[in-house]
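Asker: Numbering (the numbering used here), first residue to last: 1 to 169.
Don't be surprised by glycine CBs; every beta carbon is placed ideally from N, CA and C.
Fair warning: this is a prediction, and the values are worked out from it, not measured in the lab.
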Amino acid sequence: MSHETGWRRMAPADLPAVMAIAAVLHPDYPEDQAVFAERLCLAPEGCHVLAGEDGALQGYLVSHPWPAGAIPALNSLLGEIPRGVANWYVHDLALLPSGRGSGAAGAIVAEIARHAAERGYTSLALVAVNDSTGFWRRQGFREVHDPALDRKLASYDDAARYMRRDLND
Numbered sequence: 001m002s003h004e005t006g007w008r009r010m011a012p013a014d015l016p017a018v019m020a021i022a023a024v025l026h027p028d029y030p031e032d033q034a035v036f037a038e039r040l041c042l043a044p045e046g047c048h049v050l051a052g053e054d055g056a057l058q059g060y061l062v063s064h065p066w067p068a069g070a071i072p073a074l075n076s077l078l079g080e081i082p083r084g085v086a087n088w089y090v091h092d093l094a095l096l097p098s099g100r101g102s103g104a105a106g107a108i109v110a111e112i113a114r115h116a117a118e119r120g121y122t123s124l125a126l127v128a129v130n131d132s133t134g135f136w137r138r139q140g141f142r143e144v145h146d147p148a149l150d151r152k153l154a155s156y157d158d159a160a161r162y163m164r165r166d167l168n169d
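#1: Which partner residues does R165 have in the DSSP bridge list?
#2: Kindly indicate the opening and closing residues of the beta strand (DSSP E) around W198.
#3: With distance defined between alpha-carbon atoms, name the residue in A73, Y89, W136 nearest to W66.
#4: With DSSP run on the structure shown, which of helix, strand or coil describes A154?
#5: Does D157 pass the burial test, meaning 16 or more other C-beta atoms within 10 Å, or should it be called exposed?
#6: Alpha carbons only, please: which of P30, M10, C41, W136 is nearest the one belonging to A56?
#7: How would you label N168, buried or exposed, when you count the other beta carbons within 10 angstroms and need 16 or more for buried?
#8: Tell me, to the nearest whole angstrom, how far the beta carbon of A104 is from that of L96; I am working on the premise that it is less than 8 Å.
#9: Just to confirm the assignment: which complete alpha helix (DSSP H) runs, minimum length 4, are found wholly within the region 14-72?
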């Protein structure tokens, strides 16, 4: 029996495995399955999973359009994507150790950047946590210091950083 390996679009049936990965990799930032399900519904083209050779999920990416300079609250539903948004937001990129070291994370970031640019978005943004700023810098993101975001960032931890990447370069 053959399994699809590599990145593919997330399906609703993937959500339990996505939640299991999130519980392992982001125990300090728990979110309900409804949060992931809503983002999958609102922006299916921004939600992907990384499948290993055995078919088991090794990681996921959840992303969607969202205003630049704004951070959705942790564990909250969006309701809808605001109209006229020019920024694509990376809500979460998580890879188990079995999915790391292959370039898979960089590949999906490049794919989302390509997708967003082709659709007219001018930037990508995210909150970097768990000492991931180095990875995101290598993907072309830069820290944005905005006092208006400090309260939201504090809901993550002291090391959380809001980062943005211009897609017009």
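Answerer: In short:
#1: Translated into the one-based positions of the sequence shown, residue 165 becomes position 165. According to DSSP, R165 bridges with L124.
#2: Within the shown structure, residues of the chain are numbered from 1 to 169, placing residue 198 beyond reach of any answer.
#3: Here residue 66 refers to the residue found at position 66 when the sequence shown is read from its first residue. Considering only alpha carbons, the answer is Y89.
#4: Taking the sequence shown and counting its residues from 1, the one referred to as residue 154 is at position 154. Three-state result, A154: helix.
#5: For the purposes of this step, residue 157 is taken as residue 157 along the sequence shown, with counting starting at 1. Exposed, since its Cβ has fewer than 16 Cβ neighbours within 10 Å.
#6: Start at 1 with the first residue of the sequence shown, and residue 56 comes out as number 56. Nearest of P30, M10, C41, W136 to A56, Cα basis: M10.
#7: Walking along the sequence shown from the start, residue 168 turns up at place 168. Exposed: under 16 other Cβ atoms inside 10 Å.
#8: Walking along the sequence shown from the start, residue 104 turns up at place 104. Walking along the sequence shown from the start, residue 96 turns up at place 96. That belief does not hold up - the Cβ atoms of A104 and L96 are roughly 11 Å apart, past 8 Å.
#9: 15-25, 33-42
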